[in-house]
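Participant:
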Amino acid sequence: TTFGFRDVEAEQRQGLVNGVFAAVADRYDVMNDLMSGGLHRLWKSDFINELNPPRGATPFRLLDVAGGTGDISLRYAGKSGPNATAVLCDISPEMLAVGQRRVTEAGLQNRIELVEGNAEVLPFESGAFDAYTIAFGIRNVTHIDNALADAYRVLKFGGRFLCLEFSEVQTPILDRLYDFHSFEVIPRLGQAVAGDGDSYRYLVESIRKFPNQERFAGMIRDAGFARVSYRNLTGGVAAIHSGWKI
Ligand code: SAM
Numbered sequence: 011t012t013f014g015f016r017d018v019e020a021e022q023r024q025g026l027v028n029g030v031f032a033a034v035a036d037r038y039d040v041m042n043d044l045m046s047g048g049l050h051r052l053w054k055s056d057f058i059n060e061l062n063p064p065r066g067a068t069p070f071r072l073l074d075v076a077g078g079t080g081d082i083s084l085r086y087a088g089k090s091g092p093n094a095t096a097v098l099c100d101i102s103p104e105m106l107a108v109g110q111r112r113v114t115e116a117g118l119q120n121r122i123e124l125v126e127g128n129a130e131v132l133p134f135e136s137g138a139f140d141a142y143t144i145a146f147g148i149r150n151v152t153h154i155d156n157a158l159a160d161a162y163r164v165l166k167f168g169g170r171f172l173c174l175e176f177s178e179v180q181t182p183i184l185d186r187l188y189d190f191h192s193f194e195v196i197p198r199l200g201q202a203v204a205g206d207g208d209s210y211r212y213l214v215e216s217i218r219k220f221p222n223q224e225r226f227a228g229m230i231r232d233a234g235f236a237r238v239s240y241r242n243l244t245g246g247v248a249a250i251h252s253g254w255k256i
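At position 224 of the sequence shown the residue is numbered 234 (the UniProt record's numbering), and the sequence of numbers has no breaks.
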């Protein structure tokens, strides 16, 4: 809020985003596979390898923001030792409900806790986590700078920030294919499978509006993170950004 007035436009935008995820929650996982041709699975394993959580008994505490139906937290739990725990935080009760079901089915309730919350004002103490991940989440947040500042706050000193997000395709020909896929294929798939072309049109637009690799790296630096770097996946269709609180 500015001078005590409500930021109505921002609230409306977040409201729209929440509506999109409430509408797609039940079909979210299947749509991810269809729309990315399974690529999101490779990107997510790559992301967990980058995080490289302890496989032994070392305690480790991850905060998985915008964790949705649990893809990151579940993969993390499968690749880490018994004292590596995660808190999955998401703003959408519908996405969390699917996530909770998957966590329970995997028998991981003792290692993954689900909490409803907004990335811009996380309901956690400062300095509480060894790592912060956000996968395909930050572009949905209304004020990215607020989310980055709060990521910095909740990390311990020595903690790591990792973000997996769609980015700018930097390969000729692939960029044309990608445009066709984004504007022609995805909305039609969304309509056909989820009965909801508009939600998927929103997703495509949000990807286009999101800052490119270099600009986003700059924003992470501005939030106070050190040793900021990024790595492109599939020619820049997605990218992993990394930063340290030191
Ligand atoms: N991380 C999961 C994955 O990779 O499959 C889910 C990604 S999904 C595309 C984006 C998620 O961001 C949704 O679950 C949505 O509810 C959540 N989200 C949107 N705005 C948010 C906010 N301000 N704070 C926390 N989560 C938010």
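Virtual Cβ for every residue (Gly too), placed ideally from N, Cα, C.
Residue 143 by DSSP, collapsed to three states: which one?
Facilitator: Of the three classes helix, strand and coil, the one that applies to residue 143 here is strand, per DSSP.
Participant: Return helix, strand or coil for residue 17, following the three-state DSSP convention.
Facilitator: Here residue 17 sits in coil by DSSP.
Participant: Taking 8 Å as the threshold, find out whether the region 31-49 comes into contact with the region 196-211 through three or more Cβ pairs.
Facilitator: Verdict: yes, contact present.
Participant: Take residue 306 as the anchor and find which of 185, 215, 233, 178 has the nearest alpha-carbon.
Facilitator: Shown here, the chain extends from 11 to 256; a query on residue 306 therefore has no answer.
Participant: Between the Cα of residue 147 and the Cα atoms of 250, 134, 164, 239, which residue gives the shortest distance?
Facilitator: Residue 250 is the option with its Cα nearest to residue 147.
Participant: Residue 61: which of 140, 225, 120 sits nearest, CA to CA?
Facilitator: Measuring from the Cα of residue 61, the nearest candidate turns out to be 140.
Participant: Have a look at the DSSP bridge pairing and note the partners of residue 252.
Facilitator: BP columns for residue 252 point to 172, 239.
Participant: Please name the residue or residues paired with residue 49 in a DSSP beta bridge.
Facilitator: In DSSP, residue 49 forms no bridge with anything.
Participant: Specify whether the region 186-196 and the region 129-145 touch according to this definition: at least 3 beta carbon pairs, one from each stretch, less than 8 Å apart.
Facilitator: In short, these stretches do not touch, since the Cβ pair count stays below three.
Participant: Could you pull the DSSP bridge partners for residue 70 from this structure?
Facilitator: Per DSSP, 94.
Participant: Just to confirm before moving on: does the CB-CB distance between residue 117 and residue 98 stay below 9 Å?
Facilitator: No, the Cβ-Cβ distance between residue 117 and residue 98 is not below 9 Å.
Participant: If we ignore side chains and look at the alpha-carbon of each, how far apart do residue 105 and residue 125 end up?
Facilitator: Each residue's Cα considered, the two are about 11 Å apart.
Participant: If we count Cβ pairs, one from each stretch, closer than 8 Å, do we get three or more for the region 121-135 versus the region 151-161?
Facilitator: Segments in contact, yes.
Participant: Pick from 170, 215, 27, 231: whose alpha carbon is nearest that of residue 102?
Facilitator: If we check each option's Cα against that of residue 102, 27 comes out closest.
Participant: Apply the 10 Å Cβ neighbour rule to residue 21 and answer buried if 16 or more other Cβ atoms are within range, or exposed otherwise.
Facilitator: It is exposed - the Cβ of residue 21 has fewer than 16 other Cβ atoms within 10 Å.
Participant: Select from 115, 33, 175 the residue whose C-alpha is nearest the C-alpha of residue 56.
Facilitator: Measuring from the Cα of residue 56, the nearest candidate turns out to be 175.
Participant: Kindly indicate which residue of 32, 231, 78 has the alpha-carbon position closest to the one of residue 154.
Facilitator: Ranking the options by Cα distance to residue 154, first place goes to 231.
Participant: Here's the rule: buried if 16 or more other CB atoms are within 10 angstroms of the residue's CB, otherwise exposed. What is residue 182?
Facilitator: Result: exposed.
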